[in-house]
Amino acid sequence: MRDAYLVGAGQSDYGAFPEESYRSLFRTAFEAATDSVPNGLEASDVDEAFVGNLGVGGRQLGLSGPAVTEHVGLGGVPCTRVENACAASGYATRQAVQAVKSGMADVVLAGGFEIMSDMSSDATKYWLGVSGETEWERLSGTTFSGVYAQMASVHMETYGTTREQLSRVAVKNHSNGAKNPHAQLGFECSLEDAQSAPVVADPLNLYHCCPTSDGAACALIVSEDVVDEYTDDPIRVAGVGAGSDNVGLFQRDSYTGVPASQRAAETAYEMAGVEPDDLDFAEVHDCFAIAELLAYEDLGFCEKGEAGQLIESGETEIGGDLPVNTSGGLKSKGHPIGATGAGQVVEAFKQLSGNAGERQVEDPTRGLTHNVGGSGGASVIHIFEKETEVSA
Numbered sequence: 001m002r003d004a005y006l007v008g009a010g011q012s013d014y015g016a017f018p019e020e021s022y023r024s025l026f027r028t029a030f031e032a033a034t035d036s037v038p039n040g041l042e043a044s045d046v047d048e049a050f051v052g053n054l055g056v057g058g059r060q061l062g063l064s065g066p067a068v069t070e071h072v073g074l075g076g077v078p079c080t081r082v083e084n085a086c087a088a089s090g091y092a093t094r095q096a097v098q099a100v101k102s103g104m105a106d107v108v109l110a111g112g113f114e115i116m117s118d119m120s121s122d123a124t125k126y127w128l129g130v131s132g133e134t135e136w137e138r139l140s141g142t143t144f145s146g147v148y149a150q151m152a153s154v155h156m157e158t159y160g161t162t163r164e165q166l167s168r169v170a171v172k173n174h175s176n177g178a179k180n181p182h183a184q185l186g187f188e189c190s191l192e193d194a195q196s197a198p199v200v201a202d203p204l205n206l207y208h209c210c211p212t213s214d215g216a217a218c219a220l221i222v223s224e225d226v227v228d229e230y231t232d233d234p235i236r237v238a239g240v241g242a243g244s245d246n247v248g249l250f251q252r253d254s255y256t257g258v259p260a261s262q263r264a265a266e267t268a269y270e271m272a273g274v275e276p277d278d279l280d281f282a283e284v285h286d287c288f289a290i291a292e293l294l295a296y297e298d299l300g301f302c303e304k305g306e307a308g309q310l311i312e313s314g315e316t317e318i319g320g321d322l323p324v325n326t327s328g329g330l331k332s333k334g335h336p337i338g339a340t341g342a343g344q345v346v347e348a349f350k351q352l353s354g355n356a357g358e359r360q361v362e363d364p365t366r367g368l369t370h371n372v373g374g375s376g377g378a379s380v381i382h383i384f385e386k387e388t389e390v391s392a
């Protein structure tokens with residue numbers, strides 16, 4: 001199969017934007033993506049599109065993909081809406097890579113969007129809950145934060161993980177997000193702030209939980225046959241992995257890991273021919289602080305049970321051995337469900353292009369993005385690498 005390349009990516013700001021529509025946010029992201037392509041890319045170049053969206057609030061549940069792509073000038077271009085909860089646009093990116101690798105298309109748009117700020121808190125809880133197991137978890141009163149609180153409680157009891165270690169995830173990601181002009185919660189927080197916040201679902205407090213967000217993000221994937229038309233510094237999609245699992249946490253054998261992420265990581269590393277030590281940065285799915293710690297272990301950044309020590313070591317900070325969530329992650333940058341996976345790809349593109357500003361990692365060659373749906377019912381991982389550096 002042909003190689004696939006990332007040649008551009010962009011996003012809107014994440015936050016609450018009552019003056020914007022889902023179409024206008026998607027246009028902002030699409031134009032940012034096309035503008036980021038070094039040699040330029042026109043809407044008329046796009047052969048196909050995949051758009052991630054959960055449909056929070058019930059707006060345009062049917063044909064939401066074409067509803068945004070026609071708005072940005074892609075009328076007539078085949079478009080598929082991808083729904084996989086919070087992993088929707090991560091899977092849209094995977095579909096774009098598959099379309100290119102298979103030879104079906106040369107230039108593919110992968111994107112996503114969500115509007116989450118225009119409804120009551122009760123309505124928001126409902127729409128977050130639809131990505132959980134509805135018959136037993138949601139209808140029995142379990143919330144999204146409550147499910148992750150169970151995972152945190154078991155990890156703390158089993159491995160000695162502490163509330164302070166959970167809070168250090170928030171401190172790190174807010175420090176990074178404060179350097180990201182697109183971040184919803186773009187401010188720093190102290191360890192004291194992160195430890196003393198109100199409890200949401202014990203042991204998780206407010207600083208351990210990501211916000212709900214409006215936003216959109218887009219990435220442009222092209223084939224090896226045309227990549228030279230768009231850039232002189234290609235970024236190859238070196239590895240892709242995906243996995244699914246039982247939707248309900250109660251249906252799984254373990255609460256201290258996400259098997260779908262473990263399988264996705266194994267597949268992506270094997271495809272790319274690399275190991276975790278070969279990565280220069282990673283964007284992981286930190287919807288809750290415990291989710292980032294679980295990702296450290298699931299993706300092989302540390303041994304099982306050692307995630308708490310890893311966050312304390314400083315190795316996952318910018319300047320550490322493996323910076324994680326340089327964008328600010330979901331915790332600080334924000335979490336517009338359908339856009340989150342593509343938004344992670346935006347950060348990977350910026351880092352590998354040397355355009356991440358104050359949060360730039362020094363001379364990165366290879367980065368990973370990790371996008372999870374629900375509490376682990378779906379997971380998708382991409383590994384991107386600068387081909388010029390790898391070949392040198």
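Taking the UniProt record's numbering, the leading residue of the sequence shown gets 1, the next gets one more, and so forth.
Think of the CB as a built atom: it goes at the ideal place given N, C-alpha and C, for glycine as much as any other residue.
- Assign residue 69 to one of three DSSP states: helix, strand, or coil. In the three-state reduction of the DSSP assignment, residue 69 falls in the helix class.
- Task: Taking only the alpha-carbon atoms, compute the straight-line gap between residue 344 and residue 311 and give it to the nearest angstrom.
- Result: 20 angstroms
- Tell me, to the nearest whole angstrom, how far the beta carbon of residue 110 is from that of residue 96; I am working on the premise that it is less than 8 angstroms. 4 angstroms
- Item | Cα-Cα separation, residue 158 to residue 297 | The straight-line gap separating the alpha-carbon atoms of residue 158 and residue 297 is approximately 14 angstroms.
- List the endpoints of the continuous beta strand (DSSP E) containing residue 176. Counting along the chain, residue 176 falls outside any beta strand (DSSP E), though it belongs to the alpha helix (DSSP H) covering 163-177.
- Message: Quick check on the DSSP output: the beta strand (DSSP E) that includes residue 386 runs from which residue to which?
- Response: 378-386 is the span of the beta strand (DSSP E), which, as asked, contains residue 386.
- Selected residue, minimal CA-CA separation from residue 10, among 72, 118, 29, 108: 29
- Rounded to a whole number of angstroms, what is the C-alpha to C-alpha distance between residue 178 and residue 333? Computed Cα separation, rounded: 9 angstroms.
- Message: Comparing C-alpha positions only, which one of 112, 243, 280, 41 sits nearest to residue 265?
- Response: 243
- Message: Under DSSP, the beta strand (DSSP E) around residue 240 begins and ends at which residues?
- Response: 235-244
- Query: For residue 392, which residues of its own chain have a beta-carbon under 8 angstroms away from its beta-carbon, when the five flanking residues on both sides are left out?
  - Reply: In this predicted model, residue 392 has a pLDDT of only 38, less than 50, meaning its place in the structure is not dependable; the value taken from the coordinates is given anyway. There are no such residues.
- Message: Would residue 90 and residue 342 qualify as a contact pair, given that the criterion is a beta-carbon distance under 9 angstroms?
- Response: Contact flag set, yes.
- Item | Cα-Cα separation, residue 67 to residue 23 | Approximately 8 angstroms between the Cα atoms of the pair.
- Classify residue 290 as helix, strand or coil using the three-state DSSP reduction. helix
- Query: Tell me which same chain residues have a C-beta within less than 8 angstroms of the C-beta of residue 191, skipping the five on either side of it?
  - Reply: Spatial neighbours of residue 191 in its own chain (CB-CB distance under 8 angstroms, excluding positions within 5 residues in sequence) are listed in chain order as 164, 167, 168, 171.
- Using 10 angstroms around the beta-carbon of residue 279, count the other beta-carbons present and answer buried if the total reaches 16, otherwise exposed. buried
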